[in-house]
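In the working numbering, the protein residues as written are 3 to 400. A quick write-up on the structure given underneath.
The structure is reproduced here in structure tokens:
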């Protein structure tokens, strides 16, 4: 069984880009995230991709396919169900080294391919094949090539094997709240005055594991990366064949950060690696399932494309009882209802259209916004020109 990941770095001086917020070394970020020293060779320059760019961009790509998930760019082994830690501003999970015990974990087999990329990526394309006389096509030596035409361009391709997820995650967290507070205190994520946990601290509630694949990112405006091997081994590594995933070599023309699994050429492994995860954070003592960013309250944002004056009324229940908020939005203007607390349940929205014939009031409801409104917001577009019948759409739910 292999116990390290393969990294390939070839970095040279390259011009800055708009996202170079913290020009630290890529190698520092990846080694820290893994908590181990991987096998690598590096030509180190300060002027390279920032340490947070890789994790941020990879997470953005993961969410195109799986909203609400975080990407594990470095394949850190600390990403496991029940692991306690902090997801930082760099979209990286920083483990405490502890995890919740006696958890009920469900394992669901997967047989799908995750293939995502930014713009400015071409490939993988078959660059060359070499079939010996009389050999089967699957035994041909094949080379696949990726081309990157912009700095920061990224591509990821993984064969997913299973999803592990925590059953009754909120109950598990609430049962262990005092223990979690003690861990949060050690990680400087507990307010010493109020005793409340800060958002960003929590536990991993689900993990997607892959059997093979590759992460690639370009550190220059022109770069190529290729991988070679027996056809059936490469097909299993990047496609859906049932043979063992393997490759014979991987080469970079210039300026590519690459992470491969299996990690070593000409070897195979049954070990799975974590490529993505979901995270439940805590706000005070309120558990936020599928946490993706800091939210302090819920907000309804209205954009009135209609000619009607609209009275929007939101009612909901909290621990303090039933509450109501209201706003009036004139035609072709905007409005909002905010400061809806995170413990709000049975949220109901009523839209009354002044002057409509006949009188029209439209409704919508949400049982528990917490955990389903990932950004804490719902953007509502209102439609209709008098005397036509009005309507509305919700951007996040289309």
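Cβ atoms here follow ideal geometry from the backbone N, Cα and C, with glycine treated the same way.
Cutoff 6 Å; reference residue 331; Cβ partners in own chain excluding five residues on either side: Only 304, 306, 312 and 337 meet the Cβ criterion.
The ligand ADP heavy atom lying under 8 Å from the CB of residue 147: Summarising the ligand content, the structure contains no ligands, and the ligand ADP is consequently not present.
Would you call the CB atoms of residue 161 and residue 118 closer than 9 Å? Their beta carbons are not under 9 Å apart, which means residue 161 does not touch residue 118 by this criterion.
Three-state secondary structure (DSSP) at residue 204? The answer is strand: DSSP assigns residue 204 an E or B state.
For residue 200, which residues from the same chain have a beta carbon less than 6 Å from its beta carbon, with the 5 sequence-adjacent residues on both sides left out? Cβ neighbours of residue 200 within its own chain (closer than 6 Å, five residues either side excluded): 191.
Completely contained alpha helix (DSSP H) runs for the stretch 161 to 217, where each covers 4 or more residues: With a minimum length of 4 residues, the continuous alpha helix (DSSP H) runs that stay inside the stretch 161 to 217 are 171 to 177 and 179 to 188.
How about residue 128 and residue 147: are their beta carbons less than 9 Å apart? In this structure, residue 128 sits near residue 147, with a CB-CB distance shorter than 9 Å.
Cβ neighbours of residue 391 in the same chain (closer than 8 Å, five flanking residues each side left out): Closer than 8 Å at Cβ, skipping near neighbours: 358 and 362.
If distances are taken between C-alpha atoms only, which option among 52, 170, 166 and 233 comes closest to residue 131? Measuring from the Cα of residue 131, the nearest candidate turns out to be 233.
Please list, in chain order, all residues of the same chain as residue 237 whose beta carbon is under 6 Å from its beta carbon, the five residues on each side excluded. Beyond the five residues adjoining it in sequence on each side, residue 237 comes within less than 6 Å, by CB distance, of 243 in the same chain, given in chain order.
Residue 279 lies in the beta strand (DSSP E); which residues open and close that run? 275 to 285 is the span of the beta strand (DSSP E), which, as asked, contains residue 279.
Where the beta strand (DSSP E) through residue 237 begins and ends: Counting along the chain, residue 237 falls outside any beta strand (DSSP E), though it belongs to the alpha helix (DSSP H) covering 233 to 240.
If you reduce the DSSP assignment to three classes, tell me which class residue 222 lands in. The DSSP-derived three-state label of residue 222 is coil.
Between which residues of its own chain and residue 281 is the CB-CB distance below 7 Å, once the five residues before and five after are set aside? Closer than 7 Å at the Cβ level, and outside the excluded window around residue 281, lie 72, 89, 204, 206, 207 and 293.
Cα-Cα separation, residue 81 to residue 74: Straight-line measurement puts the Cα of residue 74 at about 8 Å from the Cα of residue 81.
Assigned secondary structure, residue 245 (DSSP; H/G/I helix, E/B strand, else coil): Note: residue 245 maps to coil in three-state DSSP.
Spatial distance of residue 124 from residue 149 (CA atoms): One alpha carbon belongs to residue 124, the other to residue 149, and they sit about 5 Å apart.
For residue 239 and residue 339, the rounded distance between their alpha carbons: Approximately 50 Å, taken between the alpha carbons.
Taking DSSP as the reference, what is the three-state secondary structure of residue 56? Here residue 56 sits in helix by DSSP.
Return yes when the Cβ of residue 225 is within less than 9 Å of the Cβ of residue 258, no when it is not. Cβ distance < 9 Å, so residue 258 and residue 225 count as in contact.
Contact the stretch 170 to 188 vs the stretch 214 to 222: 3+ CB pairs below 8 Å: Segment contact: the stretch 170 to 188 against the stretch 214 to 222, fewer than three CB-CB distances shorter than 8 Å; contact not assigned.
Pick from 145, 261 and 269 that is closest to residue 245, judged by C-alpha positions: From the listed residues 145, 261 and 269, the smallest Cα separation to residue 245 is found for 269.
Going by beta carbon distance, what residues of the same chain come within less than 6 Å of residue 120, once the five residues before and after it are set aside? Hits under 6 Å: 155 and 156.
Any idea if residue 67 is buried or exposed, counting beta-carbon neighbours within 10 angstroms, 16 or more meaning buried? Classification for residue 67: exposed.
Do you know offhand how far residue 384's Cα is from residue 69's? Taking the straight line joining both Cα atoms gives about 25 Å.
From 62, 394 and 248, residue whose alpha carbon lies closest to that of residue 308: Of 62, 394 and 248, the residue nearest in Cα terms is 394.
DSSP on residue 82, reduced to helix/strand/coil? If DSSP states are grouped into helix, strand and coil, residue 82 belongs with coil.
In the DSSP assignment, the beta strand (DSSP E) including residue 369 goes from what residue to what residue? Per DSSP, residue 369 belongs to no beta strand (DSSP E) and is neither H nor E.
So what does DSSP say about residue 288, is it helix, strand or coil? It is a strand residue.
Can you give me the C-alpha to C-alpha distance between residue 272 and residue 222, rounded to a whole angstrom? The alpha-carbon atoms of residue 272 and residue 222 are separated by roughly 34 Å.
What does DSSP give as the partner residues of residue 334 in its beta bridges? As far as DSSP is concerned, residue 334 takes part in no beta bridge.
Label residue 92 either buried or exposed according to how many other C-beta atoms from any shown protein chain fall within 10 Å of its C-beta, with 16 as the threshold for buried. Buried.
Residue from 50, 85, 151 and 94 whose Cα sits closest to the Cα of residue 62: Distances from the CA of residue 62 to each of 50, 85, 151 and 94 were compared; the closest alpha carbon is that of 94.
At which residues does the beta strand (DSSP E) containing residue 310 begin and terminate? Counting along the chain, residue 310 falls outside any beta strand (DSSP E), and DSSP gives it neither H nor E.
When the Cα atoms are used, what is the spatial distance from residue 143 to residue 231? Between residue 143 and residue 231, the C-alpha separation is close to 5 Å.
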